[in-house]
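Input: a single structure, listed below in structure tokens.
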Amino acid sequence: MLPISTDKVAEVIILARELDRAENEFDGFVDQLTEDEQTALVAIFWIGRGSFDADDLQQAIATAEAEATTPTAQYLKGSPHLADHLENGLEALGINAGAAEDDLYRPT
19 MLPISTDKVA EVIILARELD RAENEFDGFV DQLTEDEQTA LVAIFWIGRG SFDADDLQQA
79 IATAEAEATT PTAQYLKGSP HLADHLENGL EALGINAGAA EDDLYRPT
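Each residue of the sequence shown is one higher than the last, beginning at 19 in my numbering.
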């Protein structure tokens with residue numbers, strides 16, 4: 019089980035797509051996540067960009083925890099394909115990112 023909810027990852031994806039207009043909101047949202055959630059977010063990002071396989075999630079989380087030297091929001095914003103990598107990471111883990119994003123845009 020991921021130490022971060024799919025909804026929170028979906029919110030980061032949505033904010034990442036609007037960084038030019040929502041950078042402060044992105045920073046605030048990521049900064050309020052727990053350390054475990056931030057570490058998991060980085061691991062999902064790495065899986066999505068191909069640095070780790072989905073089967074290596076725990077190793078990706080441990081590596082993200084061990085190598086954390088930059089604030090998570092700042093680190094993630096360094097990738098021009100952040101939203102895509104997060105979506106790909108969730109998909110690799112068997113989670114439908116699009117459905118989670120849709121739920122946030124159109125709550126039931």
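All residues carry an ideal CB built from backbone N, CA and C; glycine is no exception. Computed from a predicted model, the values in this text were never measured in an experiment.
Test item: CB-CB of residue i and residue j under 8 Å
{"i": "A101", "j": "A28", "result": "no"}
{"i": "T57", "j": "I79", "result": "yes"}
{"i": "A91", "j": "V60", "result": "no"}
{"i": "L108", "j": "V30", "result": "no"}
{"i": "D54", "j": "P21", "result": "yes"}
{"i": "F70", "j": "L94", "result": "no"}
Per-residue burial, residue i [other beta carbons within 10 Å of its own, 16 or more giving buried]
{"i": "H99", "result": "exposed"}
{"i": "A115", "result": "buried"}
{"i": "T52", "result": "exposed"}
{"i": "T87", "result": "exposed"}
{"i": "E119", "result": "buried"}
Spatial distance of residue i from residue j (CA atoms)
{"i": "L111", "j": "E83", "result": "19 Å"}
{"i": "G26", "j": "N106", "result": "First, the amino acid is wrong: residue 26 is Lys here, not Gly. Distance between the alpha carbons of K26 and N106 is about 15 Å."}
{"i": "F44", "j": "L75", "result": "24 Å"}
{"i": "G66", "j": "S97", "result": "12 Å"}
{"i": "T24", "j": "Q50", "result": "16 Å"}
{"i": "L37", "j": "Y123", "result": "17 Å"}
{"i": "G46", "j": "A40", "result": "10 Å"}
{"i": "T81", "j": "A117", "result": "29 Å"}
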